[in-house]
Amino acid sequence: MRIDEALRGARDTLAASPSARLDAELLLTRVLGQDRRYFYTWPEKTLTADQQRLFDLLVTRRAAGEPVAHLTGEREFYGRRFVVTPATLIPRPDTETLVEAALEAVPDTPRRVVDLGTGTGAVGVTLALERPAWRVILTDASAAALAVARDNAEALGAAVSLVRGDWLGALTGPFDLIVSNPPYVDPDDHHLEQGDVRFEPRSALAAHDRGLADLRVIAAQARERLAAGGWLMLEHGHDQGGAVRRLLAGHGFHDVTTRQDLGGNDRVTLGHV
Ligand code: GLN
């Protein structure tokens, strides 16, 4: 079968996905080891029988709900390719808001930085690469996630330290910048039964107290571990901006503000001590 025919067929099979065409292209990227431009340059090239079989298998699994990032083993974040496994959350474009907030608020001079619950390492590795002067520590409670973060840091050439532990529990500080995309979804939220999240670690997504439990622990610990003038920046749910602003203000953080993601939703709240 030709590339263009294979993509058309896959798009029809995946019609239930809002990103059917893109999904099909990303899966074919994995099968052919070529980037998406290749499909537009060589639409008439034909797949071998093995390639066709693998592509059909991946499309079938995608149609059954598996995330594209699990089937391709990667996801792009801030213009770089991160390895993804079922041990971590899949990096999301919304989280680039957290990276941008950090890059804008904190000067490009030596800083002590920690990314809590790093998962794939997307946030901390990106900061380390964008700001070589910063000393960045990645933490995660999951050894499996930390192994993925280590692979990504090595593959992308980021000089980071990795520490296993619960939030700031294993660290003494002081830090100039603490960033985190912790679990913040209400465990009863029906959204956890739909789409990619069904295949992601529940421990990376859901938190008690209507999603606020881990945000509360992190805010309290960060207050003790930040150097004078140090920043805390937290990703959270679209309806948690007010609660997280009150949380930070209650701990005495200054200049507490919330930034919106690409969809215009409250997504990241920051403040400094
Ligand atoms: N934003 C993600 C979602 O809604 C959740 C990410 C997280 O809990 N840190 O699926």
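In full-length UniProt numbering, the protein residues as written are 1 to 273. The beta carbon of each residue, even a glycine, is placed where N, CA and C say it ideally should be.
- Three CB pairs or more closer than 8 Å across the segment 235-245 and the segment 88-107: yes
- Inter-stretch contact (C-beta, 8 Å, three-pair minimum) for the segment 171-190 and the segment 200-211: Remark: three or more beta-carbon pairs, one from each stretch, lie closer than 8 Å, so the segment 171-190 and the segment 200-211 are flagged as touching.
- Query: Alpha carbon to alpha carbon, how far is residue 105 from residue 255?
  - Reply: So the two alpha carbons sit approximately 11 Å from each other.
- In the DSSP assignment, find the unbroken beta strand (DSSP E) run with residue 258 in it and report its ends. 254-260
- Item | Nearest to residue 111 (by Cα), restricted to the options 177, 12, 207 and 155 | 177
- Task: Would you give the residue range spanned by the alpha helix (DSSP H) that residue 96 belongs to?
- Result: 96-105
- Per DSSP, the bridge partner or partners of residue 234: 180 and 269
- For residue 64, which option in 36, 14, 80 and 44 has the closest C-alpha, if you only look at C-alpha atoms? 14
- Leaving aside the five residues before and after residue 123 along the sequence, list all residues of the same chain whose C-beta is less than 7 Å from its C-beta, in chain order. 95, 98, 99, 115, 179 and 181
- Message: For the pair the segment 188-195 and the segment 137-147, tell me if three or more CB-CB distances fall below 8 Å.
- Response: no
- Item | Cβ pair count under 8 Å reaching 3, the segment 75-86 against the segment 150-159 | yes
- Message: Just to confirm my understanding: we take residue 228, look at its own chain, exclude 5 residues before and 5 after, and list those with CB closer than 8 Å. What are they?
- Response: 273
- Task: Using the Cα positions of residue 59 and residue 247, report the straight-line distance between them to the nearest angstrom.
- Result: Inter-residue distance for residue 59 and residue 247 is about 44 Å (C-alpha atoms, whole angstroms).
- Message: Distance check for residue 250 and residue 244, CA to CA, integer angstroms please.
- Response: 10 Å
- Item | residue 133 classed as buried or exposed, judged by whether at least 16 other C-beta atoms fall within 10 angstroms | exposed
- Item | Cβ-Cβ distance between residue 139 and residue 113 below 8 Å | no
- Query: Which residue's Cα is closest to the Cα of residue 30: 231, 88, 72 and 118?
  - Reply: 72
- Query: residue 74 lies in the beta strand (DSSP E); which residues open and close that run?
  - Reply: 74-77
- Item | Runs of beta strand (DSSP E) wholly within the segment 199-249 (minimum 3 residues, chain order) | 226-235
- Query: Going by other Cβ atoms of all chains shown within 10 Å of its Cβ, with 16 needed for buried, is residue 5 buried or exposed?
  - Reply: exposed
- Look at the alpha carbon of residue 231 and the alpha carbon of residue 262, and state the distance between them as a whole number of angstroms. 22 Å
- Item | Any alpha helix (DSSP H) of 4 or more consecutive residues that is wholly inside the segment 27-81 | If only uninterrupted alpha helix (DSSP H) runs of at least 4 residues are considered, those enclosed by the segment 27-81 are 36-41, 49-63 and 68-72.
- Distance between beta carbons of residue 43 and residue 199, contact taken as under 8 Å: The Cβ separation is near 31 Å, so there is no contact.
- Query: So what's residue 139 in DSSP terms, helix, strand or just coil?
  - Reply: strand
- Message: Distance check for residue 268 and residue 108, CA to CA, integer angstroms please.
- Response: 21 Å
- Would you give the residue range spanned by the beta strand (DSSP E) that residue 163 belongs to? 160-164
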